[in-house]
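J.:
2 protein chains.
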Amino acid sequence: MTDVLQTGAVIGILGGGQLGRMLSVAASRLGLKTHIFEPGANPPAADVAHMVTTASYEDEAALTAFAETVDVITYEFENIPTSALDILEKLRPIRPNRRTLAVSQDRLVEKAFLSEHGLRTAPFAAVDDEVDLAEAIAEIGTPAILKTRRFGYDGKGQARIMTPEDAEQALADMAGAPAILEGFIDFSHEVSVIGTRGADGEIACFDPGENVHRDGILRTTTVPANLTSAQRTDAVLLTAKILNTLHYIGTMGVELFVTPEGLIVNEIAPRVHNSGHWTQNGCTVDQFEQHIRAVAGWPLGDAKRHADVQMENLIGDDMDRVPHIAKETNAALHLYGKAEVKPGRKMGHVNRIKT
Amino acid sequence: MTDVLQTGAVIGILGGGQLGRMLSVAASRLGLKTHIFEPGANPPAADVAHMVTTASYEDEAALTAFAETVDVITYEFENIPTSALDILEKLRPIRPNRRTLAVSQDRLVEKAFLSEHGLRTAPFAAVDDEVDLAEAIAEIGTPAILKTRRFGYDGKGQARIMTPEDAEQALADMAGAPAILEGFIDFSHEVSVIGTRGADGEIACFDPGENVHRDGILRTTTVPANLTSAQRTDAVLLTAKILNTLHYIGTMGVELFVTPEGLIVNEIAPRVHNSGHWTQNGCTVDQFEQHIRAVAGWPLGDAKRHADVQMENLIGDDMDRVPHIAKETNAALHLYGKAEVKPGRKMGHVNRIKT
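Chains as they are written, first to last, in the UniProt record's numbering: chain A, 1 to 355; chain B, 1 to 355.
1) Can you tell me the Cα-Cα spacing of residue 345 of chain B and residue 336 of chain B, whole angstroms?
2) Taking any Cβ of chain B, which residues in the segment 9-31 of chain A have a Cβ under 8 Å from it, in chain order?
3) Tell me, please, which residues DSSP counts as bridged to residue 250 of chain B.
4) Ignore the nearest five residues each way along the sequence and tell me which others in residue 124 of chain B's own chain have a CB closer than 6 Å to its CB.
5) Note down, one range per segment and in chain order, each beta strand (DSSP E) of at least 3 residues found wholly within the segment 106-159 of chain B.
6) Put residue 241 of chain B into one of helix, strand or coil per three-state DSSP.
7) Would a check of beta-carbon distances place residue 313 of chain B closer than 8 Å to chain A?
8) Among A:300, A:54, A:342, A:156, which residue has its Cα nearest to the Cα of residue 316 of chain A?
9) Which full runs of the alpha helix (DSSP H) of 4+ residues lie inside the segment 39-63 of chain B, going along the chain?
10) Using the Cβ count rule (16 or more neighbours within 10 Å means buried), how would you classify residue 147 of chain B?
11) Is there contact here, the segment 323-334 of chain B with the segment 288-307 of chain A, by at least three beta-carbon pairs under 8 Å?
12) Please report the straight-line C-alpha distance between residue 15 of chain B and residue 308 of chain B, rounded to a whole angstrom.
13) Look at residue 275 of chain B and residue 188 of chain B and say whether their C-beta atoms are less than 8 Å apart.
14) Answer yes or no: does any C-beta atom of chain A fall closer than 8 Å to that of residue 334 of chain B?
15) Between the alpha carbons of residue 347 of chain A and residue 311 of chain A, how many angstroms are there, rounded?
16) Pull out every residue of the segment 268-301 of chain A whose Cβ sits closer than 8 Å to any Cβ of chain E, in chain order.
17) If you run the structure through DSSP and keep just helix, strand and coil, what is residue 2 of chain B?
18) In whole angstroms, give me the CA-to-CA distance for residue 279 of chain A and residue 354 of chain B.
19) Of all the options B:332, B:3, B:243, B:91, which has the alpha carbon lying nearest to the alpha carbon of residue 196 of chain B?
20) Between B:320, B:57, B:340, B:314, which has its C-alpha nearest residue 349 of chain B's C-alpha?
21) By the three-class DSSP mapping on this structure, what secondary structure does residue 347 of chain A have?
22) Mind reading off the beta-carbon distance from residue 88 of chain B to residue 63 of chain B? Whole number of angstroms is fine, and I expect it under 8 Å.
23) Spell out the partners DSSP gives residue 287 of chain A in its beta bridges.
24) Just checking my contact of residue 231 of chain B with residue 265 of chain B at CB under 8 Å: how many whole Å lie between their CB atoms?
25) What in chain A is Cβ-close to residue 353 of chain B, meaning under 8 Å?
26) Hey, would you say residue 48 of chain B sits closer than 8 Å to residue 24 of chain B, going by beta carbons?
27) What residue range does the alpha helix (DSSP H) around residue 89 of chain B cover?
28) For the 8 Å Cβ check, are there 3 or more pairs between the segment 292-299 of chain A and the segment 100-107 of chain A?
29) Can you find a C-beta in chain A that's less than 8 Å from the C-beta of residue 1 of chain B?
30) Listed from N- to C-terminal order along the chain, which residues in the segment 246-267 of chain A have their beta-carbon within a distance smaller than 9 Å of any beta-carbon of chain B?
31) Count the other CB atoms, across all protein chains shown, that sit within 10 Å of the CB of residue 2 of chain A; report buried if there are 16 or more and exposed otherwise.
32) What number of angstroms, rounded off, separates the C-alpha of residue 116 of chain B from the C-alpha of residue 238 of chain B?
33) Counting only Cβ pairs nearer than 9 Å, list the residues of chain B close to residue 189 of chain A.
So, in structure tokens, the structure goes:
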């Protein structure tokens with residue numbers, strides 16, 4: 001890989017969902033091509049990618065052939081099997097790096113990493129069996145939440161423990177997977193910072209957004225977030241600390257709980273993030289292009305926010321509202337081209353610009 | 001074709017240049033796919049298209065196969081051979097319609113159409129031979145400009161006649177092609193209106209932009225343009241008149257000369273237009289998405305301008321400046337992925353947002 005990718009270079013993207021789709025579009029603005037690797041047929045990103053490989057992460061030949069056509073490899077989700085990464089990293093650079101993946105793939109490792117570097121998290125303890133769980137509840141108290149250490153997203157793989165009597169069912173819900181117990185945080189609201197670190201160490205963070213979830217799924221992100229200027233500064237500084245500590249290259253999402261005692265890190269996502277979609281219509285350079293710029297060795301773009309925006313996810317039957325949204329003033333639609341509407345499935349989003 | 005194209009529907013685009021590329025990206029935002037038909041190999045639009053057919057406009061089988069995979073056909077340039085259109089229109093709707101193409105493919109027909117509908121143009125006369133030319137010069141006077149009736153763009157196929165002595169060389173420059181003599185207009189500046197008419201007759205025009213050309217090629221478009229509010233209204237109304245008269249569906253560019261006596265129509269382009277690229281960073285819905293919305297039977301989007309913008313074309317060696325532009329604040333880059341830099345070749349553009 002040359003230091004700075006030039007027109008016509010190819011970025012390999014692991015994962016072909018909507019994030020890969022919007023990364024492909026961003027790459028095109030910089031004259032770069034993308035090659036999507038995705039096990040599922042007809043992924044959203046395929047509509048706007050230069051090449052698509054449909055193969056499993058266990059298919060060594062497909063992984064090798066994929067890597068050989070690209071200049072650098074990035075990803076749109078963090079749960080990539082280690083065996084696939086082992087093959088790919090011998091052939092091409094992977095950005096963000098594997099240490100970041102190792103940290104973010106496991107909630108326990110992630111929390112330990114954050115604590116170790118002086119960042120506040122919810123109280124937590126590893127839970128492999130009922131003995132661990134009883135000890136963890138004794139230490140952390142209830143209410144608390146038991147989560148699988150790996151592969152959880154959008155509220156999946158989680159069980160609430162309101163009283164110690166819920167413990168048995170919660171552990172059963174983990175289906176034998178290694179878990180982590182996290183104490184409840186008494187927070188007023190959640191915000192997230194989307195930050196990018198370039199290949200040369202330069203950092204640019206977007207203005208924090210305020211997130212509202214329903215049923216464990218992000219519904220809206222609003223900028224500006226309800227934060228004091230000190231909290232805004234804290235949020236950006238701790239994001240920069242995480243990016244620097246990990247020698248990160250690319251865009252990251254950092255979810256934060258706002259409490260009277262300060263900001264608490266909920267989780268980090270080593271990729272472009274749903275709560276950063278507002279940047280498509282609120283900034284000159286959006287989170288997708290920042291990620292591509294970082295991965296391609298380019299200088300980062302101007303992350304300044306030029307508008308107030310509310311991003312609303314379109315989930316499942318929300319698609320029925322698209323004909324009305326299409327007629328709204330100041331509304332920018334972003335649909336993902338998914339043929340089948342399912343409950344809880346992210347089908348698109350709309351950025352409403354407040355003028 | 002259903003009235004309104006739904007997620008997963010395919011828009012066929014004739015031509016795979018940068019306009020097709022940016023149309024493909026816009027289609028993806030609405031959940032639609034594109035299929036590019038382009039004789040040249042590896043066209044810019046291929047990087048972000050769902051399908052690409054590489055074939056000549058004389059290849060009937062390829063045209064038929066292309067049409068059968070798409071729901072509607074549009075185009076990114078106006079000089080499509082009539083024989084190809086004859087084949088395609090039997091299979092799928094072509095938007096904008098063929099009447100528009102017939103008008104805009106021939107400068108003489110276009111000028112006659114505009115005059116017929118009460119719109120002011122430069123004085124003009126058909127020139128097929130030296131007798132016609134002598135008569136035309138006698139009527140229109142010099143300086144004047146002789147242009148081929150068809151296939152001219154970016155200043156090609158044109159010869160200036162400063163005095164009657166230039167006539168012979170100018171006619172030779174036409175190489176036997178039917179031509180049109182146009183009188184010089186004493187204009188202060190050029191503006192263009194990018195307007196869209198939806199399938200239901202709804203019309204939305206973007207704020208006029210002010211164009212600066214060099215060597216016959218557009219260099220910059222700036223919004224807002226230097227226009228009185230009466231001129232701005234005139235510009236939009238005459239654009240709407242052209243769109244309605246042609247029963248047009250899609251986005252059109254209308255170039256206008258500003259003179260003390262009013263606006264004079266220079267030319268119309270039945271497609272998205274270089275002078276509308278600023279809308280990508282100045283409006284919630286850009287000219288490309290408006291075109292796709294119209295062609296797909298969707299309601300038009302909100303064309304309101306929310307920022308002052310200057311679009312600068314990156315032509316040939318201007319690409320050397322990209323590393324610097326990438327670091328500018330408020331600068332949005334749009335590169336076309338063209339491998340080879342040539343003098344006069346449009347390689348990309350940058351939209352600079354003025355805040």
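We put the CB at the ideal spot given by N, CA and C, even for glycine.
Predicted model only: the values in this text are computed from it and were never measured.
T.: So, to answer that:
1) As a working mapping, residue 345 of chain B is identified with position 345 in the second sequence. As a working mapping, residue 336 of chain B is identified with position 336 in the second sequence. Approximately 11 Å between the Cα atoms of the pair.
2) 21, 24, 25, 28, 29, 30, 31
3) As a position in the second sequence, residue 250 of chain B is number 250, starting the count at 1. Partner(s): B:197.
4) Taking the first residue of the second sequence as 1, we reach residue 124 of chain B at position 124. These residues qualify, in order along the chain: 111, 180, 182.
5) 124-127, 144-148
6) Sequence index remark: in the second sequence, residue 241 of chain B carries index 241 (1-based). Three-state DSSP puts residue 241 of chain B in a helix.
7) On the second sequence, position 313 is the one that residue 313 of chain B refers to. In terms of beta-carbon proximity, residue 313 of chain B stays away from the interface with chain A, with every pair separated by 8 Å or more.
8) Walking along the first sequence from the start, residue 316 of chain A turns up at place 316. Nearest to residue 316 of chain A by alpha-carbon distance, out of A:300, A:54, A:342, A:156, is A:342.
9) none
10) Within the second sequence, the letter at position 147 stands for residue 147 of chain B. It counts as buried.
11) yes
12) Along the second sequence, read from residue 1 onward, the residue named residue 15 of chain B stands at position 15. Along the second sequence, read from residue 1 onward, the residue named residue 308 of chain B stands at position 308. Their Cα atoms are separated by approximately 31 Å.
13) Position 275 of the second sequence, counting from 1, holds the residue named residue 275 of chain B. Position 188 of the second sequence, counting from 1, holds the residue named residue 188 of chain B. No, they are not a contact pair.
14) Within the second sequence, the letter at position 334 stands for residue 334 of chain B. It does: the Cβ of residue 334 of chain B has a partner Cβ on chain A nearer than 8 Å.
15) Indexing the first sequence from 1 puts residue 347 of chain A at position 347. Indexing the first sequence from 1 puts residue 311 of chain A at position 311. Their Cα atoms are separated by approximately 13 Å.
16) Reference to chain E is not applicable here, since the protein chains of this structure are A and B.
17) Residue mapping note: residue 2 of chain B aligns to position 2 of the second sequence, counting from 1. At residue 2 of chain B, the pLDDT of 48 sits below 50, so the modelled position is not reliable and the matter cannot be decided from this model.
18) As a position in the first sequence, residue 279 of chain A is number 279, starting the count at 1. As a position in the second sequence, residue 354 of chain B is number 354, starting the count at 1. Distance between the alpha carbons of residue 279 of chain A and residue 354 of chain B: 18 Å.
19) The residue you call residue 196 of chain B lines up with position 196 of the second sequence. Selected option, being the one with the closest Cα: B:243.
20) Position 349 of the second sequence, counted from the first residue, corresponds to residue 349 of chain B. Minimum Cα distance to residue 349 of chain B is reached at B:314.
21) For the purposes of this step, residue 347 of chain A is identified with residue 347 of the first sequence, where counting begins at 1. Correct three-state label for residue 347 of chain A: strand.
22) To locate residue 88 of chain B, count along the second sequence from 1; it is residue 88. To locate residue 63 of chain B, count along the second sequence from 1; it is residue 63. Going by Cβ atoms, the distance from residue 88 of chain B to residue 63 of chain B rounds to 6 Å, so yes, they are a contact pair.
23) Position 287 of the first sequence, counted from the first residue, corresponds to residue 287 of chain A. Answer is none; residue 287 of chain A lacks a bridge partner.
24) Numbered from its first residue, the second sequence carries residue 231 of chain B at position 231. Numbered from its first residue, the second sequence carries residue 265 of chain B at position 265. Not a contact, Cβ separation roughly 13 Å.
25) Residue mapping note: residue 353 of chain B aligns to position 353 of the second sequence, counting from 1. Within chain A, the residues near residue 353 of chain B are 284, 306.
26) To locate residue 48 of chain B, count along the second sequence from 1; it is residue 48. To locate residue 24 of chain B, count along the second sequence from 1; it is residue 24. Yes, they are a contact pair.
27) In the second sequence, residue 89 of chain B corresponds to position 89, counting from 1. Residue range 82-89 is occupied by the alpha helix (DSSP H) that includes residue 89 of chain B.
28) no
29) Here residue 1 of chain B corresponds to residue number 1 of the second sequence, with the count starting at 1. Only weak support is given to the placement of residue 1 of chain B: the predicted model assigns it a pLDDT of 44, under 50, and the value that follows is read from those uncertain coordinates. Not one chain A Cβ lies under 8 Å of residue 1 of chain B.
30) none
31) Here residue 2 of chain A refers to the residue found at position 2 of the first sequence. Only weak support is given to the placement of residue 2 of chain A: the predicted model assigns it a pLDDT of 48, under 50, and the value that follows is read from those uncertain coordinates. Counting Cβ neighbours within 10 Å, residue 2 of chain A comes out exposed, since fewer than 16 surround it.
32) Numbered from its first residue, the second sequence carries residue 116 of chain B at position 116. Numbered from its first residue, the second sequence carries residue 238 of chain B at position 238. Cα to Cα, the separation comes out at about 13 Å.
33) Taking the first residue of the first sequence as position 1, residue 189 of chain A is located at position 189. Within chain B, no residue comes near residue 189 of chain A; the closest Cβ sits about 27 Å away, beyond 9 Å.
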